[in-house]
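Shown next, in structure tokens, is the structure this report addresses.
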Amino acid sequence: MHKLTKAEVMREVKDYIYITLGLISYSLGWAAFLLPYQITTGGTTGIGAIIYYATGFPIQWSYFIINAVLMTFAIRILGPRFSIKTTYAIFVLTFLLWLFQLIVNNYVVAPDMTPDGKPLLLGAGQDFMACIIGAAMCGVGLGITFNYNGSTGGTDIIAAVVNKYRDVSLGRMIMICDVFIIGSCYFIFHDWRRVIFGFVTLFIIGVVLDWIINSARQSVQFFIFSKKYDEIADHIIR
Numbered sequence: 199m200h201k202l203t204k205a206e207v208m209r210e211v212k213d214y215i216y217i218t219l220g221l222i223s224y225s226l227g228w229a230a231f232l233l234p235y236q237i238t239t240g241g242t243t244g245i246g247a248i249i250y251y252a253t254g255f256p257i258q259w260s261y262f263i264i265n266a267v268l269m270t271f272a273i274r275i276l277g278p279r280f281s282i283k284t285t286y287a288i289f290v291l292t293f294l295l296w297l298f299q300l301i302v303n304n305y306v307v308a309p310d311m312t313p314d315g316k317p318l319l320l321g322a323g324q325d326f327m328a329c330i331i332g333a334a335m336c337g338v339g340l341g342i343t344f345n346y347n348g349s350t351g352g353t354d355i356i357a358a359v360v361n362k363y364r365d366v367s368l369g370r371m372i373m374i375c376d377v378f379i380i381g382s383c384y385f386i387f388h389d390w391r392r393v394i395f396g397f398v399t400l401f402i403i404g405v406v407l408d409w410i411i412n413s414a415r416q417s418v419q420f421f422i423f424s425k426k427y428d429e430i431a432d433h434i435i436r
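In terms of the numbering used here, the sequence shown is residues 199 to 436.
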């Protein structure tokens, strides 16, 4: 059995710290901006939001139950290595979604309130601005989480499983799932504006997510001119 070095342990600790910070941004975006303004997007969090809007069942428990079922199959199919940090993220995000809703709904003073008493931090009629801010926070959170080898589960798991057995790219599978999830919110609100907000949210999350991930990538290129290029190449490869 491989024994972890001190550097590897510190790298793992760093990953979990940054994954947690990313999940804080993600859950706060939902609790403070997306949920109060009844905006949804893709993923199992989006499914949980739709269930919440329709029935009042807490989003964190829908998210947790759906992911628990998916993870049961994912561990068997994809192996435990894929699942460790994803399982951590699912438990932490479930807790943070509950915590920030509790804080926002009970301890935050806002200029306006929803009919059921939830604060509207930006005031009534500011749905589009809430969509932008909430989506940006979710995108930043997901970007940080993915940069440090984490995942929030959900459609990521579905896409990974389908990709293993079918020639369908991860991105395409996730997009198909998200389009279906966002489109289904029409049957709750009977308002195409909510569907449009959902796709705008999804687009902004994607743009911010790509920006965070690409900005973290660094590369250095060296040009070495020498008659002994074979020997140099051998030493570099070693």
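By construction, the Cβ of each residue, glycine as well, lies at the ideal position given by its N, Cα and C atoms.
Next item on the list: Buried or exposed for Ser349, please, with buried defined as at least 16 other CB atoms from any protein chain shown within 10 angstroms of its CB.
Entry: Looking up residue 349 in the sequence shown gives position 151. Ser349 comes out buried.
Margin query: Does Asp376 come out as helix, strand or coil in the three-state DSSP assignment?
Written below: The sequence position of residue 376 within the sequence shown is 178, counting from 1. Residue state, collapsed to three classes: helix.
Item checked: Complete runs of the alpha helix (DSSP H) confined to the region 208-271 [at least 4 residues] -> 241-253
Next item on the list: Taking all protein chains shown into account, decide if Ser413 is buried (16 or more other Cβ within 10 angstroms of its Cβ) or exposed.
Entry: Reading the sequence shown from its first residue, position 215 is the one you call residue 413. Answer is exposed; the Cβ neighbour count stays below 16.
Note to self: Would Ala334 and Thr239 qualify as a contact pair, given that the criterion is a beta-carbon distance under 9 angstroms?
What the structure shows: The sequence position of residue 334 within the sequence shown is 136, counting from 1. The sequence position of residue 239 within the sequence shown is 41, counting from 1. In this structure, Thr239 does not lie closer than 9 angstroms to Ala334 by Cβ.
Next item on the list: Ignore the nearest five residues each way along the sequence and tell me which others in Val302's own chain have a CB closer than 6 angstroms to its CB.
Entry: By 1-based counting over the sequence shown, the position of residue 302 is 104. Excluding positions up to five away in sequence, the list reads Ala229, Ala230.
Note to self: Quick check on Tyr305: buried or exposed, where buried means 16 or more other Cβ atoms within 10 Å of its Cβ?
What the structure shows: Position 107 of the sequence shown, counted from the first residue, corresponds to residue 305. Its Cβ having fewer than 16 others within 10 Å, Tyr305 is exposed.
Checklist line | Where Val314 falls: helix, strand or coil (DSSP) | finding: By one-based count along the sequence shown, residue 314 stands at place 116. Sequence check: residue 314 is Asp here, not Val. Correct three-state label for Asp314: coil.
Notebook entry, point to check: Looking only at its own chain, which residues have a Cβ that is under 8 angstroms from the Cβ of Asp213, when we skip the five neighbours before and after it?
Noted result: Indexing the sequence shown from 1 puts residue 213 at position 15. Excluding residues within five positions, the ones whose Cβ falls inside 8 angstroms are Lys283, Tyr346, Asn347, Gly348.
Item checked: Cα-Cα separation, Ala205 to Ile215 -> Numbered from its first residue, the sequence shown carries residue 205 at position 7. Numbered from its first residue, the sequence shown carries residue 215 at position 17. Cα to Cα, the separation comes out at about 15 angstroms.
Notebook entry, point to check: For the candidate residues Met373, Gly227, Arg391, whose alpha-carbon lies nearest to that of Leu295?
Noted result: For this step, residue 295 is matched to residue 97 along the sequence shown. The residue with the shortest Cα to Cα distance from Leu295 is Gly227.
Next item on the list: Determine the direct distance from the alpha carbon of Ile411 to that of Arg209, and round the result to whole angstroms.
Entry: On the sequence shown, residue 209 is found 11 positions in, with the first residue counted as 1. On the sequence shown, residue 411 is found 213 positions in, with the first residue counted as 1. Using only the alpha carbons, I get a separation of about 18 angstroms.
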